[in-house]
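Participant: There's a structure below that I have some questions on.
Residue numbers (the working numbering): 129 to 680.
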C-alpha cells in the first residue's frame, strides 16, 4: 500500500484532543479545521522545565532512500508506546521537492504525520506568507530605486532575491525592469526557492515576535555605490515585512498515525540553508513533553552540524542523544553498487559503504554527544546484511538498533526507543566545533577538516574580497552556514563513501545578518533547484470527489 493510501485510511483525533495530550487547552491553540492548529505564543505554562532533546540525522542521502523523517516519527511513536510523554518537531515540506523528485516530508508507511496531503501542500499557509513577505521586500527595494533612490543603492549590488516555493531553473538568472521608463530600473536579478530565503532562516531562529522584527531590521538588502551595506531598517519597512509573518511565526500542531503530537514549523533546506525546524517549535515541544524528537536536513555533515553550531546556541539546549539513520541499501550504494542492483545481497559493498556512516559517527562524537545508529529496515534487506551492519557498528562500539517503522510504526522501534532513553540519561559535555571569536576562515577550515574529512579550502577571488570586506564590517564573528551538495562529504556530488584529501571550493559568500550567519556557497550548489526529467507532479491526480492520488 502506498504512503498516501495509508494516510487516507487513518482515523485522526480532533486536534483539541492532541493538544490536550500536551497540556494545551482550546484557548492556547488556533484551529485550522478539525486536524490542524497553530499554537498561540507565548505559552502560558512556559515556566516548565525542558525535557530531553533527541536529534535525528543521517548518512549522506542517495537515490536509494534513507527515511530519516520516517524513523523520526516511528521513534516518537515508540517512545509514546513506552509511556514517555513525547512530542515530535519536524520541518514543513517545500513544494519544490514535493512536485519534483524527493517527495514529501511527512514520513512513510505506518510512521507518518497526518493530514499528509494538507501538510505537503498548502498546510497553514506559512510558505505562502514567507514568499509574499520576501517578494514584498523585493518590490519595495526596486520601488525605492525607481522613486529617487535616497539611500543611493547601487542596482548592480542588490543582493535580495525574489523567491518561489517551487523548483524553477528558468528563474535563476533573469533581467527585470524592461519595457520603458514607467516599468522600473532594468537590472539583473534572480529567484531562490522560498526555503533558501533569509526570511525562512529568520522565522526559524527567532525566539519571539520582537526578535523576529529585530532580525528583519538587520537584513542586508544590498550596497550603496560606495559599497556600504543597506538594511531593511534603513529602507523603513521593518513593520510591513514583519506583519506579513505575524501568523506564520506560530508553530503548527498535527499528529502522527498513532496520535503522537507533532509540531511542524519552518523548513529551510540543509544544503543551501541551515536545515532545522524553528527554534520556537522545538522550544515549545521541550516545554510540553518529556522527550522531544527532532530532525535536521540531509546528512550529519549538513543538518546536524548546523543544528549543533547554529541552532543550539539560540535554542539554549544541545541534544541529549543523536540518532544517525542508515540503510543497508544506501550504504551499498556508497560502496559502489548501482541503484538497479541494490536488491541483491552484497556484503563487501555494505562494508565498503560503511565508511560513510563511520565518518558521520566520528563527526557527532566530536561534539561529545551520545550517538546511536538506527538501521531503517527495507523489505529487500537480507538478514545477513542487517547482521553485518550491526556487527560493523558494534566493532566500533556504537549502539545500534534496527527500526522497522515503515511496516510496523512505533512497534518497530521499541528497541531503538529503549536504547535512546538510556543514552539520554548519560552525562554529556558538549564541545562546540568552533569559538564565536574564531575568524570565518578558521570556522570554515574546522568544518571542512573535522566534519567533512577534507584537507583544504580554496577561495575564489570574489570570496577573498568578501572576506576582507566582511571583516571590515565586523561580520567575521558570525557562524558559518555552508551551502554544499548533500550527496557527498565533498563539494562533488559524485564522490560517494568517505573521500579524503579533497578541497572545498568556496565561490561566494552571502551575508545573512538577520538570520545571524554567513552563507558560504561551495562547488556548484544552487539556491534555486530544477525539476527532474519526469517530475513527481506528472503522477498526481485529483478525483472528482476531491481525493488526491500520486502525491507520494
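All C-beta atoms in this analysis are idealised placements derived from N, C-alpha and C, irrespective of residue type, glycine included.
#1: Give every residue of the same chain whose Cβ lies closer than 6 angstroms to the Cβ of residue 270, excluding the five residues on either side of it in the sequence, and list them in chain order.
#2: Could you tell me how far apart the beta carbons of residue 321 and residue 291 are, in whole angstroms, since I believe they sit closer than 8 angstroms?
#3: Is residue 225 helix, strand or coil by DSSP?
#4: Which residues does DSSP list as the beta-bridge partners of residue 404?
#5: Suppose only complete runs of 3+ residues qualify. What are the beta strand (DSSP E) ranges in the stretch 438-504, listed by chain order?
#6: Which residues in the same chain have their Cβ closer than 7 angstroms to the Cβ of residue 440, if we skip the five residues on either side of it in sequence?
#7: Please name the residue in 424, 583 and 132 whose C-alpha comes closest to that of residue 244.
#8: Which value, in whole angstroms, describes the spacing of the CA atoms of residue 593 and residue 636?
#9: Find out if the Cβ-Cβ distance for the pair residue 504, residue 195 is shorter than 7 angstroms.
#10: Go through its chain and collect everything with a Cβ distance to residue 395's Cβ below 6 angstroms, but skip five positions before and after it.
#11: Which one of 248, 351, 246 and 257 has the shortest CA to CA distance from residue 283?
#12: Report all residues from its chain with a CB closer than 6 angstroms to the CB of residue 160; omit the five preceding and five following residues, and keep chain order.
#13: Give every residue of the same chain whose Cβ lies closer than 8 angstroms to the Cβ of residue 303, excluding the five residues on either side of it in the sequence, and list them in chain order.
#14: Can you tell me whether residue 240 is helix, strand or coil according to DSSP?
#15: Which residues bound the alpha helix (DSSP H) around residue 518?
#16: Report the start-end ranges of each beta strand (DSSP E) in the stretch 145-195 that is 3 residues or longer and not cut off at the edges.
#17: In terms of alpha-carbon separation, which member of 197, 386 and 346 lies closest to residue 426?
#18: Assign residue 558 to buried or exposed, taking buried as 16 or more other Cβ atoms, counted over all protein chains shown, within 10 Å of its Cβ.
#19: Is residue 392 near the ligand HEM - that is, is its Cβ less than 6 angstroms away from at least one heavy atom of it?
#20: Assuming residue 681 and residue 409 make a contact with CB atoms under 8 angstroms, what is their CB distance in whole Å?
#21: So residue 164 and residue 143 are supposed to be a Cβ contact under 8 angstroms. How far apart are they, rounded?
#22: For residue 602 and residue 361, what's the separation of their Cα atoms in angstroms?
#23: Go ahead and pull the three-state DSSP assignment for residue 285.
#24: Within 10 angstroms of the Cβ of residue 660, are there 16 or more other Cβ atoms? Answer buried if so, exposed if not.
#25: Measuring straight from C-alpha to C-alpha, what distance separates residue 229 and residue 467?
#26: Counting contacts by CB-CB distance shorter than 7 angstroms, is residue 334 in contact with chain C?
#27: Going by beta carbon distance, what residues of the same chain come within less than 6 angstroms of residue 682, once the five residues before and after it are set aside?
#28: Which residue comes first and which comes last in the alpha helix (DSSP H) that contains residue 656?
#29: Taking Cβ to Cβ, would you say residue 606 is nearer than 7 angstroms to residue 645?
#30: Could you check where the alpha helix (DSSP H) with residue 598 kicks off and where it finishes?
#31: Using a Cβ-Cβ cutoff of less than 8 angstroms, which residues in the same chain neighbour residue 73 once the five nearest sequence positions on both sides are dropped?
#32: Please tell me whether residue 650 and residue 581 are closer than 7 angstroms, where the distance is taken between their beta carbons.
#33: Quick check on the burial criterion: 16 or more other C-beta atoms within 10 angstroms. Buried or exposed for residue 254?
#34: Using the beta-carbon count (16 or more within 10 Å), is residue 354 buried or exposed?
#35: Quick one: is residue 306 buried, meaning 16 or more other Cβ sit within 10 Å of its Cβ, or exposed?
#36: Once DSSP output is grouped into helix, strand and coil, what is the label at residue 271?
Facilitator: Answer, in terms of the structure:
#1: 312
#2: 7 angstroms
#3: helix
#4: 424
#5: 449-454 and 499-504
#6: 446
#7: 132
#8: 10 angstroms
#9: yes
#10: 219, 220, 222 and 323
#11: 351
#12: 252
#13: 314, 315, 316 and 317
#14: strand
#15: 511-523
#16: 157-159, 165-167 and 180-186
#17: 197
#18: exposed
#19: The model on display carries no ligand, and the ligand HEM is accordingly not part of it.
#20: Here the chain comprises residues numbered 129 to 680, so residue 681 is not present and cannot be evaluated.
#21: 6 angstroms
#22: 18 angstroms
#23: strand
#24: exposed
#25: 16 angstroms
#26: Note that chain C does not occur in the displayed structure, where there is just one protein chain.
#27: Shown here, the chain extends from 129 to 680; a query on residue 682 therefore has no answer.
#28: No alpha helix (DSSP H) holds residue 656; DSSP gives it neither H nor E.
#29: yes
#30: 589-601
#31: Nothing about residue 73 can be reported from this structure: the residues present for the chain run from 129 to 680 only.
#32: no
#33: buried
#34: exposed
#35: exposed
#36: helix
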